[in-house]
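Everything in the first sequence is counted per our numbering, starting at 72 for the first residue and increasing by one.
Just so you know, even glycine gets a beta-carbon here, dropped at the ideal spot from N, CA and C.
Written below as structure tokens is the structure these notes are about.
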Amino acid sequence: MPYARVNELHRHIGESVTVRGWVTTTRSSGKIAFVVLRDGSGYLQAVFSKRDVPDATWARVAELSLETSVAVTGVVRADARATGGHELTATDVEVLGASPDFPISPKEHGSTFLFEHRHLWLRSRRQVAIAKVRNEVVQAIRDFFYERDFVLVDTPILTGSIGEEAGNLFSTDYFDLGKAYLAQTGQLYVEAAAAALGKVYCFGPTFRAEKSKTRRHLTEFWMVEPEVAWNDSDANMRLQEEFIAAIVARVLDRRLEELKELERDTAPLERVVGPFPRISYTDAVAKLNALGSDMEWGNDLGGDDETLLAREYDRPIFVYNYPKGVKAFYMKENPEDPRTVLNNDCLAPEGYGEIIGGSQREDDHDRLLARIVAQGLDPEAYRWYLDLRKYGTFVHSGFGLGVERTIAWICGNPHIRESIAFPRQIHRLYP
RNA sequence: UCCCGAGUAGCUCAGUUGGUUAGAGCAGCUGACUGUUAAUCAGCGGGUCGGGGGUUCGAGUCCCUCCUCGGGAGCCA
72 MPYARVNELH
82 RHIGESVTVR
92 GWVTTTRSSG
102 KIAFVVLRDG
112 SGYLQAVFSK
122 RDVPDATWAR
132 VAELSLETSV
142 AVTGVVRADA
152 RATGGHELTA
162 TDVEVLGASP
172 DFPISPKEHG
182 STFLFEHRHL
192 WLRSRRQVAI
202 AKVRNEVVQA
212 IRDFFYERDF
222 VLVDTPILTG
232 SIGEEAGNLF
242 STDYFDLGKA
252 YLAQTGQLYV
262 EAAAAALGKV
272 YCFGPTFRAE
282 KSKTRRHLTE
292 FWMVEPEVAW
302 NDSDANMRLQ
312 EEFIAAIVAR
322 VLDRRLEELK
332 ELERDTAPLE
342 RVVGPFPRIS
352 YTDAVAKLNA
362 LGSDMEWGND
372 LGGDDETLLA
382 REYDRPIFVY
392 NYPKGVKAFY
402 MKENPEDPRT
412 VLNNDCLAPE
422 GYGEIIGGSQ
432 REDDHDRLLA
442 RIVAQGLDPE
452 AYRWYLDLRK
462 YGTFVHSGFG
472 LGVERTIAWI
482 CGNPHIRESI
492 AFPRQIHRLY
502 P
């Protein structure tokens with residue numbers, strides 16, 4: 072008997088096939104039983120009629136419990152009553168792995184319970200849909216850069232020199248060389264690679280030891296960081312807008328079924344086309360003050376301010392040229408207003424907040440050194456980074472996109488933690 | 001670290017100004033039912049009320065303390 076995956080069944084109508092998977096739901100009406108299977112490619116309802124199967128088979132069907140792994144054999148039938156459009160008129164079932172007392176019932180559960188059972192929760196329809204959207208987002212990212220002739224450069228996770236400040240980094244002993252830190256960004260390394268390859272990006276996990284307890288933060292999350300030689304801040308924003316629009320369009324094109332499963336209203340996603348509104352930080356402050364916020368020029372935008380501002384628009388927005396004091400040392404000073412730097416954040420609509428932080432980098436050796444010293448950092452640790460400005464310095468820009476934040480936004484999830492299979496949070500290291 | 005909230009059955013929760021034997025729905029088990037989509041109907045079992053201490057004739061309920069978890073702030077993607 073040939074094996075088939077659920078998403079191949081349209082090629083087997085009228086044939087007898089065997090499908091292997093896990094029991095998602097069972098319903099019985101005494102003489103007819105419905106068993107819904109999941110095999111990863113889709114869901115399939117197998118229908119057993121007591122009249123048509125041997126007593127021993129019927130007895131096995133009656134005992135099936137949630138998440139039992141089974142091989143079900145039957146004839147494929149197109150049936151409009153079935154979700155997915157196909158049904159199996161089942162003739163046999165073989166239990167491959169029993170599943171007594173599966174902890175997650177189809178009823179409601181609290182988030183603590185579900186994350187404690189994350190390894191099993193991944194099997195639920197919702198989580199399967201999110202995993203597929205994530206896969207699409209990741210593939211869209213890789214294809215976007217590959218098609219534009221970027222080179223992927225994998226940056227180290229263990230690092231000695233440090234991205235911004237040491238306070239929020241995880242550290243570990245590193246042989247005889249003292250402390251090593253888990254990377255919180257690949258950016259500095261990718262700047263070095265940009266001088267070798269022109270257009271590059273890194274894509275991997277990053278770590279923040281900050282004790283964040285919000286719906287927008289994870290301690291381990293994935294970030295994609297392109298870096299482009301000769302791009303100024305303006306070109307950097309154009310790349311970001313093209314990038315985000317491409318990701319959203321790709322998901323709408325290929326994962327509509329999953330978005331439907333997630334009950335995501337796709338209308339706001341369909342509006343995600345460039346150009347995105349651009350507001351200077353200074354204008355943003357004035358606008359926020361007019362909207363009732365009491366924030367003052369010189370402070371960073373808080374979460375509430377970001378939400379307030381983004382709500383004024385129907386697509387992602389850029390806020391650019393922040394005060395130097397609230398931003399990292401490597402951002403290039405704005406020649407037209409030295410109080411500010413040539414950077415931007417991209418704020419997602421619908422209250423999802425910052426999904427990108429980007430900037431043009433300081434390419435002048437002496438100015439960069441001065442910023443490092445002014446921030447109390449050790450210039451020796453940044454010697455190699457300063458070298459990039461000593462040997463053929465170049466205008467360059469880049470940004471970091473938070474993958475889980477982007478997925479949460481596209482899926483319409485209220486919390487970031489469902490966007491990754493096994494989220495690491497301050498109170499969660501299991502499973 | 002700070003502010004707010006929660007902890008009662010396997011799960012989600014209710015539990016009144018302190019009152020006698022702590023409840024419901026779902027899940028589980030038993031039975032009925034040939035088209036169910038969280039099926040439905042009938043019946044049955046199920047409790048260290050987060051831990052410790054205190055007040056009281058009497059505490060799930062009030063007080064103190066500790067623990068755990070959730071949300072938010074800060075930090076940022």
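Can you give me the C-alpha to C-alpha distance between residue i and residue j, rounded to a whole angstrom?
i           : j           : result
residue 445 : residue 370 : 19 angstroms
residue 327 : residue 272 : 28 angstroms
residue 266 : residue 88  : 56 angstroms
residue 218 : residue 396 : 37 angstroms
residue 427 : residue 480 : 13 angstroms
residue 422 : residue 448 : 35 angstroms
residue 239 : residue 493 : 21 angstroms
residue 140 : residue 93  : 4 angstroms
residue 200 : residue 192 : 12 angstroms
residue 241 : residue 490 : 22 angstroms
residue 151 : residue 198 : 26 angstroms
residue 429 : residue 469 : 6 angstroms
residue 195 : residue 488 : 15 angstroms
residue 454 : residue 394 : 26 angstroms
residue 435 : residue 255 : 24 angstroms
residue 472 : residue 176 : 36 angstroms
residue 503 : residue 341 : Shown here, the chain extends from 72 to 502; a query on residue 503 therefore has no answer.
residue 216 : residue 338 : 26 angstroms
residue 377 : residue 144 : 55 angstroms
residue 374 : residue 406 : 29 angstroms
Using the Cβ count rule (16 or more neighbours within 10 Å means buried), how would you classify residue i?
i           : result
residue 324 : exposed
residue 359 : buried
residue 208 : buried
residue 505 : Outside the modelled stretch of the chain, which goes from 72 to 502, sits residue 505, for which no answer is possible.
residue 248 : exposed
residue 500 : exposed
residue 308 : buried
residue 347 : buried
residue 157 : buried
residue 304 : buried
Tell me the DSSP bridge mates of residue i?
i           : result
residue 430 : 414 and 469
residue 499 : 496
residue 479 : Bridge partners of residue 479: none, in fact.
residue 230 : 252
residue 520 : Residue 520 lies beyond the residue range present for the chain, which begins at 72 and ends at 502; the question has no answer from this structure.
residue 402 : 432
What span of residues does the beta strand (DSSP E) with residue i cover, start to end?
i           : result
residue 182 : From DSSP, residue 182 is part of no beta strand (DSSP E) but of the alpha helix (DSSP H) over 182 to 187.
residue 275 : 270 to 278
residue 92  : 87 to 99
Taking the alpha helix (DSSP H) that residue i belongs to, which residues open and close that run?
i           : result
residue 201 : 196 to 218
residue 443 : 436 to 445
residue 454 : 454 to 461
residue 378 : 374 to 381
If we require 4 or more residues per run, which alpha helix (DSSP H) segments fall completely within the stretch 295 to 345?
304 to 325, 327 to 332 and 338 to 341
Practice prompt. For the stretch 101 to 174, list the beta strand (DSSP E) runs that are entirely contained and at least 3 residues long, ordered along the chain.
Written response: 103 to 109, 114 to 120, 140 to 149 and 157 to 168
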